[in-house]
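In UniProt numbering, the protein residues as written are 1 to 531.
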Ligand code: GLN
């Protein structure tokens with residue numbers, strides 16, 4: 001039987017529920033258990049795909065083409081479990097499903113209500129990950145206890161515990177324990193109130209993870225244990241771990257969290273394989289070399305708009321025993337001050353994905369700078385499209401070349417709308433999404449990185465390279481190193497006479513892990529180290 005862990009949050013948001021859920025997943029996996037993770041988000045959008053990165057941060061894409069919360073990226077990076085569309089539900093998607101059923105007449109004769117219909121729907125979503133191959137499902141409840149939107153989810157997980165038996169379910173609450181510098185005191189009251197609110201919803205947490213700047217000490221732990229009615233061993237202190245997110249699992253292990261969970265849920269474990277994780281931490285802390293990569297994007301100011309890319313660069317560093325420093329460059333600043341002002345000294349330049357015309361000219365200038373100065377360059381999705389525009393304008397002399405996304409009347413649409421997108425008008429979930437096979441040409445940098453002819457990568461785009469320009473590009477030194485298996489679309493292009501200039505239409509950052517760095521990020525970092 002599959003057991004369940006629910007992770008809720010209190011006091012403030014952004015405490016790292018996703019990272020903690022992922023870390024707990026890793027702890028249990030390394031004890032030989034099969035784990036799956038999912039997230040419930042309280043907002044009304046069906047998925048985050050239509051939200052600006054400023055609102056929501058990165059949109060993470062799964063193999064099966066779901067546009068999801070970036071926490072799923074943490075789940076895949078920390079554990080071996082793969083995510084899919086059953087790993088992220090929102091208030092919107094839950095209501096949409098219930099309302100669709102209502103219209104079909106599935107509740108005929110009944111008044112459809114939050115309780116039991118919405119809560120039952122949530123319970124069905126929780127159980128979608130159950131199965132003989134899953135020992136534990138970890139479900140993260142987005143938002144914080146006390147939010148109006150949070151209530152149906154809390155009610156559902158309470159009922160769930162009641163239904164499957166309290167011995168099969170564990171509730172973990174993540175809170176902030178602030179230190180007031182004026183009073184020089186650690187304050188437990190916000191956590192007490194938060195747990196109080198959880199109890200009002202009928203949930204007694206089994207474990208409390210306390211985010212804190214200061215060491216809590218025995219007294220504070222005892223106080224929290226007493227007032228929150230939680231075992232003393234289950235009050236976990238979690239100090240800030242920046243810059244190594246990957247240290248969180250060790251903090252939890254050091255305080256015995258894995259053993260506590262295993263005993264509480266009566267799980268049968270098999271070995272302990274945390275060593276691999278320890279070895280990546282060792283490289284992170286004591287690398288033998290270092291490099292600096294500039295990312296030129298337009299959501300640079302948002303902490304997590306390029307989350308998977310930042311992480312993948314670190315992985316590329318792990319693959320080369322190197323520390324990677326990231327220089328965040330706002331593409332509009334490049335437009336204002338020129339590329340050199342912002343990029344000088346960087347040993348690699350990366351232009352990530354994006355939408356809309358703002359900042360595009362700055363990205364194109366940055367790419368020109370990388371091409372002309374032979375600085376390793378990695379273009380991802382929009383980054384590849386901008387590289388095609390730059391090459392058309394400055395190498396092929398097509399001065400007005402553009403993507404039809406930015407200039408519908410351009411005389412040289414080197415990037416144009418995918419044929420299958422021409423009739424599409426609604427915006428939600430309608431891009432070319434998810435994993436698609438791609439065939440590589442031998443003898444190219446891409447082939448050398450992957451070491452195989454057929455690969456699979458995840459996509460999220462509407463526009464593509466226009467094959468009308470293939471011959472001209474090849475004549476001027478561009479190599480088309482990867483195509484879709486039907487040879488219709490360019491997936492990878494690279495420059496012949498350049499140390500490392502590789503552009504991809506897909507998103508390799510969604511498949512990189514600290515324990516298994518993505519080959520393109522690994523090679524990009526290698527090239528930058530040789531710079
Ligand atoms: N805006 C471009 C497209 O839709 C690129 C998308 C992306 O970078 N994810 O094709």
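Note that the Cβ used here is the ideal one computed from N, Cα and C, for glycine as well. Quick caveat: nothing in here was measured; it's all calculated off a predicted structure.
Listed in chain order, the non-local C-beta contacts of residue 307 below 7 Å within the same chain comprise 57, 58, 70, 73, local neighbours out to five positions each way being set aside. Taking a C-beta distance under 8 Å as the contact criterion, residue 311 and residue 97 do not qualify as a contact pair. Within 7 Å of the C-beta of residue 509 there is not a single heavy atom belonging to the ligand GLN. Remark: C-beta atoms of residue 416 and residue 446 do not approach each other more closely than 8 Å. Inter-residue distance for residue 383 and residue 365 is about 12 Å (C-alpha atoms, whole angstroms). Per the coordinates, the alpha-carbon of residue 530 lies some 12 Å from the alpha-carbon of residue 292.
Note on geometry: alpha-carbon atoms of residue 158 and residue 152 lie some 10 Å from one another. A residue is called buried when at least 16 other Cβ atoms come within 10 angstroms of its Cβ; residue 347 meets this threshold and is buried.
Counting along the chain, no beta strand (DSSP E) covers residue 197; the unbroken alpha helix (DSSP H) around it starts and ends at 189-200. Excluding the 5 residues flanking it on each side, residue 438 has same chain C-beta neighbours closer than 8 Å at 454, 455, 456, 457, 482, 483, 484, 485, 491, 492, 506, in chain order. The alpha helix (DSSP H) runs lying completely inside the segment 81-105 and spanning 4 residues or more are 91-104, given in chain order.
In terms of Cα proximity to residue 225, the closest of 213, 215, 206, 242 is 206.
Per DSSP, the continuous alpha helix (DSSP H) segment holding residue 370 begins and ends at 360-372. The beta carbons of residue 380 and residue 362 sit no closer together than 8 Å. Contact between residue 524 and residue 316 holds: their C-beta atoms lie close to 6 Å from each other, under 8 Å. Taken in chain order, the complete alpha helix (DSSP H) segments of 4 residues or longer contained in the segment 406-492 are 445-450, 470-475.
Between residue 31 and residue 262, the C-beta gap is smaller than 8 Å, which places the two residues in contact. The nearest non-hydrogen atom of the ligand GLN is less than 7 Å from the C-beta of residue 355. Counting along the chain, residue 171 sits inside the beta strand (DSSP E) bounded by residues 169-176. From the listed residues 409, 164, 401, 302, the smallest Cα separation to residue 473 is found for 401. In this structure the segment 9-25 does not lie against the segment 42-56, because fewer than three pairs of beta carbons, one per stretch, are closer than 8 Å. Short of 6 Å from the beta carbon of residue 50, and not among the five residues preceding or following it, lie these beta carbons of its own chain, in chain order: 427, 428. Scanning 465, 12, 33, 357 for the CA closest to the CA of residue 178 turns up 12. For residue 125, the CB contacts under 8 Å within the same chain, skipping 5 residues up- and downstream, are 38, 40, 86, 89, 94 in chain order. Note: residue 60 is bridge-paired with 68 in the DSSP secondary-structure output. Exposure of residue 271 is indicated by the presence of fewer than 16 other C-beta atoms within 10 angstroms of its C-beta. Assignment of beta-bridge partners to residue 342 by DSSP yields no partner. By DSSP's assignment, residue 292 forms a beta bridge with 325. Within its own chain, the residues whose Cβ lies closer than 6 Å to the Cβ of residue 6, once the five positions on either side in sequence are excluded, are 139, 157, 171, listed in chain order. Taken through DSSP and simplified to helix, strand or coil, residue 212 comes out as strand. Counting along the chain, residue 39 sits inside the beta strand (DSSP E) bounded by residues 35-41. The alpha-carbon of residue 52 is positioned some 9 Å away from that of residue 305.
Three or more Cβ pairs drawn from the segment 368-375 and the segment 334-347 lie within less than 8 Å of each other, which places the two stretches in contact.
Here the alpha carbon of residue 527 sits roughly 20 Å from the alpha carbon of residue 515.
Relative to the ligand GLN, the nearest heavy atom lies less than 7 Å away from the CB of residue 460. The secondary-structure analysis by DSSP pairs residue 403 across a beta bridge with 415.
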